[in-house]
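A.B. asks: If you want our numbering, it's the 1-based position in the sequence shown plus 196. Backbone N, C-alpha and C fix where the C-beta goes; we use that ideal spot for every residue, glycine too.
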Amino acid sequence: MTTMAQRTTRCGLCGHTQQDWMYTSTYACGAPDLDLRPPPFERDLIDAQIQRCGGCGYCAPRLDKVRPAARHWVGGPGYLRLLGDGAFPSLACSFRAHASIMLRSGDWRGALWSTLRAAWVCDDQGLPYAEAAQACRRTALGCLCEGHARGRLMTGSLKSDWLLELDLMRRTQQFDAVIVAARSSLPLLAGTEQAVAVQQLALARLGDADCHRVAPAGPDTYN
Ligand SMILES: [Zn+2]
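In structure tokens form, the structure reads like this:
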């Protein structure tokens, strides 16, 4: 069961106080998407995962928590351009603005997940924001590569990161790169992880850039 509650938050940057809805409990039922987006009902609560301050525009999962990098960036012209970018839905702009703070904090993982949430918001809006969703995923892919170059993980393991990278490449129509990467990673994977790589390989060969859930495990073979 999903339960919601109103929360009063004081912005840690400007002191503005506002009320937002937050969920206090939820659950997920079914397989996640290949990019680890959770299944319903958790996936439907994405708008409760970010707050935007009505005073200064600061965006964060919790407005009372502030990274030092935010103090010199929020409210500046670059930040305001992100907040008002009409190429993206307003909620996606909030996630992208938060990602920009994470980037300036050297938090590549935080930047990736906030950018990926922006992509999910665009996905939910359908065709008019298809290009915006791809742009978010290209940025997320860059965060993953930058993070790996610095020895950071984006998920719980390097192999799980590989699978996320495959989906980001496939959703941005880099099908040849997916095929090469999937084939080289397959011998190093087993079980569910190998099945996901096989699924990505098959989708890439079909030129399929759509959203798919993790399929039930099939035979433990590939070619
Ligand atoms: Zn504020």
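For Gly251 and Leu308, what's the separation of their Cα atoms in angstroms?
C.D. replies: 26 Å
A.B. asks: Considering just the uninterrupted stretch of the beta strand (DSSP E) at Tyr219, what are its terminal residues?
C.D. replies: 213–221
A.B. asks: Rounded to the nearest angstrom, how far is the Cβ of Leu279 from that of Thr205, given a contact under 8 Å?
C.D. replies: About 18 Å; that fails the 8 Å criterion.
A.B. asks: Could you give the distance in angstroms between the alpha-carbon of Ala295 and the alpha-carbon of Ala400?
C.D. replies: 28 Å
A.B. asks: Can you pull the DSSP bridge partners for Arg206?
C.D. replies: Thr213
A.B. asks: If you measure from each CB to the nearest heavy atom of ligand 1 and keep those under 6 Å, what residues do you get, in chain order?
C.D. replies: Cys207, Leu209, Cys210, His212, Cys249, Gly251, Cys252, Tyr254
A.B. asks: Based on Cα-Cα distance, which residue from Arg348, Leu362, Asp406 lies nearest to Asp303?
C.D. replies: Arg348
A.B. asks: So for Thr417, helix, strand or coil by DSSP?
C.D. replies: The predicted position of Thr417 is uncertain, since its pLDDT is 43 and thus under 50; no value can be drawn from it.
A.B. asks: Would you please state the rounded distance, in angstroms, between the beta carbons of Gly338 and Phe371? I believe it to be under 8 Å.
C.D. replies: Contact flag wrong, Cβ pair sits at about 19 Å.
A.B. asks: So Asp231 is in the alpha helix (DSSP H); what residue range does that whole segment cover?
C.D. replies: From DSSP, Asp231 is part of no alpha helix (DSSP H); its letter is neither H nor E.
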